[in-house]
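To start, the structure itself, in structure tokens.
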Amino acid sequence: MSQKPNIIFIQNDHQAFYRWQWNDGPKPMRPNFDQLAKEGAMFDHAYCSTPLCGPTRRTMLTGLYAHTHGQHHNYTDPPYNHEVYLDTLAEAGYDNYYFGKWHAGPGAANEHHCSGFSRTDYSNPYIQPEYKAYLERYNLPQAVHHIDRYFDIPEISIRGDWAECADDVDYQCKANWCGEHAVGITKTPKETHESFFLATLACEQLEKLAKEKSDKPFSLRVDFWGPHQPHFPTQEFLDMYPAESFDLPEYGNFRSQLEGKPETYFRERSTPFGKDNELIIPSPVSWDEWKEIIRHCFAHITMIDAAGGMILNKLKELGLDENTMIIWTTDHGDALASHGGHFDKGSFLSEEVMRIPFAIKWKDVIPAGQVRHEYINTVDYPVTILDAAGTKFTKNKVHGRSLLPLVTGKSTEWDDDVMSETFGHGYGDDIDCRLVVHDEYKLVVTKGQKAELYNLREDPYELHNRIDDEEYKEIKEDLIKRLRAWQVRTDDPVEVL
């Protein structure tokens, strides 16, 4: 196809995914994501480069791992010294539009040839003038959330960011950033929620583009704040998971005593799940209470899916889907209820925080109905986007590869392993940790702590650390060899082995 495609990139934030989509019992309903996957290709072994917003989001902009681009934590903001795919698209003749969360280092999307709406750092959409104008335009009230349960983070309470949060109160977030550890409902119409605010802005932009009928290709990116906590779906979405029939079996490692785990698994900031930054085992929160938390989380996922569906439906309605590549993914996973009962992700690299959904569609270019099992990583996404646009990064070496040869059938050549890393969750929890997965065997090496080796085929919940088992010696040596080769190939200076 000679004409450059339009590019739509939809990104959820912090999504519970691994095992929840396969386990018995209720599952998060994602009809719009699932439909997109059916119309294109879905990868069931997609890994994030780092299980933390800032580092993996910058990876998705640069095609580089965090050990090269330098964004190790959410709050470390080194300047952009590497190419950003949005800038490269602009150089290739694209008009770029970006709506939503940035949280990828200094600045915001407008500093990378983008129009639209974004703010530096994590931010809070509910206090922005664009949100106020949106409410006035559609005659909507300010969003009001009712908190059913609030889970305190002591250091944040001391700072006073979410001082008004408590159990059983109506609440409006007025802090400079959102992300409260809370569950409840949005009492105002769903259109007042950040997800529908962003989806509406995106749809308005698509309508303008359709009316203008420009020959220039465009890229449009939407980064929702959800389903990151707080989980505040409207009652409409919560009712899709009736409490009386939400018969959710205990998660497979919920009661884990964390035998054989490195110390990173024992850290937990939120109360009552942890105390003094240490996870309480067994969980002081009963499984019945956990089910209610998870019910709100699932409803939140479905709500975000509906907002994303608005964008996809608008594309079809306007006839803009004919030569448009669409990607829908998540920046990282969620540790919810896993490994002894964590509420939030931490510095560990469990499958729950590493595995993410990923679907890609390009009508008449990517054959529909593909379920791909190759290992892919967020580092591959910007390279794929630029490949579709007929361009590439040229100013510096990149670590990712384009997925297009795989999904278009032009090539079956692909690495049979995947690597990721973390420098810790931050806020005093700083570590050096690397991961490699090959043939469902997973090695995690944390500097100064116990290494991990799992047979994911037999042990999907990572309950049995095989690092010291003699029968896994050859597998361990092979994974170490792969990890070292990757470190050399990507100029990783950290010695974890």
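Every letter in the sequence shown is one number past the one before it in UniProt numbering, and letter 40, counting from 1, is 40.
Beta carbons: idealized from backbone N, C-alpha and C, even for Gly.
Since the model is a prediction, treat every value here as computed from it, not as a measurement.
Rounded distance between the beta-carbons of residue j and residue i, thought under 8 Å
{"i": "P79", "j": "K345", "result": "Not really, about 26 Å apart at Cβ, beyond 8 Å."}
{"i": "P233", "j": "Q15", "result": "At roughly 14 Å, the Cβ-Cβ gap does not stay under 8 Å, so P233 and Q15 are not in contact."}
{"i": "Q35", "j": "N323", "result": "The Cβ separation is near 19 Å, so there is no contact."}
{"i": "H72", "j": "N396", "result": "The pair is not a contact, with the Cβ atoms about 18 Å apart (cut-off 8 Å)."}
{"i": "F298", "j": "P28", "result": "5 Å"}
{"i": "T76", "j": "P262", "result": "At roughly 23 Å, the Cβ-Cβ gap does not stay under 8 Å, so T76 and P262 are not in contact."}
{"i": "L443", "j": "K476", "result": "7 Å"}
{"i": "T329", "j": "Q21", "result": "Incorrect: roughly 14 Å between the Cβ atoms, too far for contact."}
Burial state of residue i, where buried means 16 or more other Cβ atoms lie within 10 Å
{"i": "H425", "result": "buried"}
{"i": "A46", "result": "buried"}
{"i": "M1", "result": "Note that M1 has pLDDT 43, beneath the 50 cutoff, so the model's placement of it is unreliable and the number below is only indicative. With fewer than 16 Cβ atoms within 10 Å of its Cβ, M1 is classed as exposed."}
{"i": "V84", "result": "buried"}
{"i": "E452", "result": "buried"}
{"i": "V488", "result": "exposed"}
{"i": "K101", "result": "buried"}
{"i": "H193", "result": "buried"}
{"i": "W362", "result": "buried"}
{"i": "I458", "result": "Before going further, note that residue 458 is Glu rather than Ile in the sequence given. E458 comes out exposed."}
{"i": "P125", "result": "buried"}
{"i": "L238", "result": "buried"}
{"i": "E421", "result": "buried"}
{"i": "A163", "result": "exposed"}
{"i": "residue 523", "result": "Since the displayed the chain opens at 1 and closes at 497, residue 523 lies outside it and no answer follows."}
Per-residue DSSP class, three states only, for residue i
{"i": "M1", "result": "Because the pLDDT of M1 is 43, which lies under 50, any placement of that residue in the model is unreliable, and the number read from its coordinates should be weighed accordingly. Three-state DSSP puts M1 in coil, outside helix and strand."}
{"i": "E263", "result": "helix"}
{"i": "C297", "result": "helix"}
{"i": "A41", "result": "strand"}
{"i": "G100", "result": "strand"}
{"i": "H67", "result": "helix"}
{"i": "M419", "result": "strand"}
{"i": "Q487", "result": "helix"}
{"i": "A451", "result": "coil"}
{"i": "T384", "result": "helix"}
{"i": "Y472", "result": "helix"}
{"i": "C433", "result": "strand"}
{"i": "L443", "result": "strand"}
{"i": "Y18", "result": "coil"}
{"i": "N253", "result": "coil"}
{"i": "F348", "result": "coil"}
{"i": "T56", "result": "helix"}
{"i": "D459", "result": "coil"}
{"i": "D478", "result": "helix"}
{"i": "Y75", "result": "coil"}
{"i": "H339", "result": "coil"}
{"i": "H464", "result": "coil"}
{"i": "Y85", "result": "helix"}
{"i": "E322", "result": "coil"}
{"i": "E111", "result": "helix"}
{"i": "L36", "result": "helix"}
{"i": "N313", "result": "helix"}
{"i": "M303", "result": "helix"}
{"i": "L61", "result": "helix"}
Per DSSP, cross-strand counterpart(s) of residue i
{"i": "W328", "result": "I10 and A359"}
{"i": "T394", "result": "Answer by DSSP bridge pairing: none, since T394 is not bridged."}
{"i": "R372", "result": "F43"}
{"i": "L279", "result": "G274"}
{"i": "L406", "result": "For L406, which the question treats as bridged, DSSP gives no partner whatsoever."}
{"i": "D95", "result": "F218"}
{"i": "N377", "result": "Y47"}
{"i": "G426", "result": "D429"}
{"i": "H438", "result": "D417 and Y441"}
Distance cut-off 7 Å: residue i Cβ against heavy atoms of the ligand NAP
{"i": "E462", "result": "What this structure holds is no ligand at all, so the ligand NAP is not there to describe."}
**Prompt:** Which runs of the beta strand (DSSP E), 3 residues or longer, sit entirely within the segment 114-194?
**Reply:** Along the length of the segment 114-194, whole beta strand (DSSP E) runs at least 3 residues long occupy 114-117, 145-150, 169-171 and 182-186, reported in chain order.
**Asked** Could you give the uninterrupted runs of the beta strand (DSSP E) lying entirely in the segment 191-245, keeping only those of 3 residues or more?
**Response** Runs of the beta strand (DSSP E) lying entirely within the segment 191-245 and spanning at least 3 residues, in chain order: 218-223.
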